[in-house]
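S.K.:
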Amino acid sequence: MNGIELRAAAPDDAPAMLALLQSAAREGDTLPFLDGLDADFIASQWLQATGCAVACRGGAVLGMYRYGTAMPGRGSHICTGTFVVSRHARGQGIGRALVAHCIDAATAAGYQAMQFNQVVSTNTAALSLYRSLGFTEAGCIPDAFRHDRLGYVPAYIMYRRLFQDAVQA
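Shown next, in the form of structure tokens:
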């Protein structure tokens, strides 16, 4: 994919990861973050997550993901994830590669399912991507996200089993 390398994130990636996350948060249309995005946030919430990877081209971080357990105890078989792709690198398949990589990593780690708790309804690219990779809408939360331009908009909870026989009712 056009010289894109997907690899585990390293501490040396933290400044680029922080810049990417801050930029995406400033867009105000997909991520819930407002303030407090600093080096400590990247270290504690991203680099120390169960899994964290970056997509790079020529040494530049163009995208990243983190995943970890969604809930403790009886919910610990389900993971959740966060994905960020640079505005300038969107539409190049990086998001798809990151989500597929994350699914593989979470499956290898033994998770039974993956759940995204807040996919903003106006983020049509992410919704299309997740649906194409087998995620379904498990619910819709009205007015869940305060969009910078549109005000309060709904968000979806997206869900996907990672094993065919996983989480049978």
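Numbering (my numbering), first residue to last: 12 to 180.
Note that the Cβ used here is the ideal one computed from N, Cα and C, for glycine as well.
Suppose contacts are defined by Cβ-Cβ distances below 8 Å. Is A66 in contact with L73 by that definition?
M.R.: Cβ atoms of A66 and L73: closer than 8 Å.
S.K.: Mind checking A20: buried by the 16 CB within 10 Å criterion, or exposed?
M.R.: Buried: at least 16 other Cβ atoms inside 10 Å.
S.K.: Report the CB separation of I89 from Y141 in whole angstroms; it is logged as a contact under 8 Å.
M.R.: I89 to Y141, Cβ: 15 Å. No contact.
S.K.: Using a Cβ distance threshold of 8 Å, determine whether the segment 95 to 105 contacts the segment 43 to 52, with at least three qualifying pairs required.
M.R.: Output reads no: the segment 43 to 52 does not touch the segment 95 to 105.
S.K.: Determine the extent of the beta strand (DSSP E) in which R77 is found, giving its start and end residues.
M.R.: A71 to T80 is the span of the beta strand (DSSP E), which, as asked, contains R77.
S.K.: Between which two residues does the alpha helix (DSSP H) carrying D115 extend?
M.R.: Unbroken alpha helix (DSSP H) run through D115: I105 to A119.
S.K.: Could you check the C-alpha separation between A149 and G92 for me, to the nearest Å?
M.R.: Approximately 16 Å, taken between the alpha carbons.
S.K.: How many Å lie between A177 and R171 at the Cα?
M.R.: Legend: pLDDT at A177 = 48, less than 50; position of this residue unreliable, value from coordinates given subsequently. Going from the Cα of A177 to the Cα of R171 covers about 10 Å.
S.K.: Output the distance between the C-alpha atoms of Q179 and G70, rounded to the nearest integer angstrom.
M.R.: With a pLDDT of only 42 at Q179, under the threshold of 50, the placement of this residue in the model should not be trusted; the figure read from the coordinates follows. Those two C-alpha atoms are separated by around 43 Å.
S.K.: Check this for me: beta carbons of A60 and G84, under 8 Å apart or not?
M.R.: No, the pair does not count as a contact, with Cβ atoms beyond the cut-off.
S.K.: If contacts are defined as beta-carbon pairs under 8 Å, then A166 and V131 qualify, I think. What distance do you get, rounded to the angstrom?
M.R.: Indeed they touch by this definition, with Cβ atoms about 5 Å apart.
S.K.: Assign I152 to one of two classes, buried (16 or more other C-beta atoms within 10 Å of its C-beta) or exposed (fewer than that).
M.R.: Counting Cβ neighbours within 10 Å, I152 comes out exposed, since fewer than 16 surround it.
S.K.: Could you tell me the alpha carbon to alpha carbon distance between G157 and A116, rounded to whole angstroms?
M.R.: Note that residue 157 is Arg in the sequence shown, not Gly. Rounded to the nearest angstrom, the two C-alpha atoms are 31 Å apart.
S.K.: Under a three-way DSSP split, which group does D24 fall into?
M.R.: Reduced to three states, the DSSP call for D24 is helix.
S.K.: Answer with yes or no whether the minimum CB distance from T80 to chain C is below 8 Å.
M.R.: In summary, chain C is missing from the structure at hand, where a single protein chain is found.
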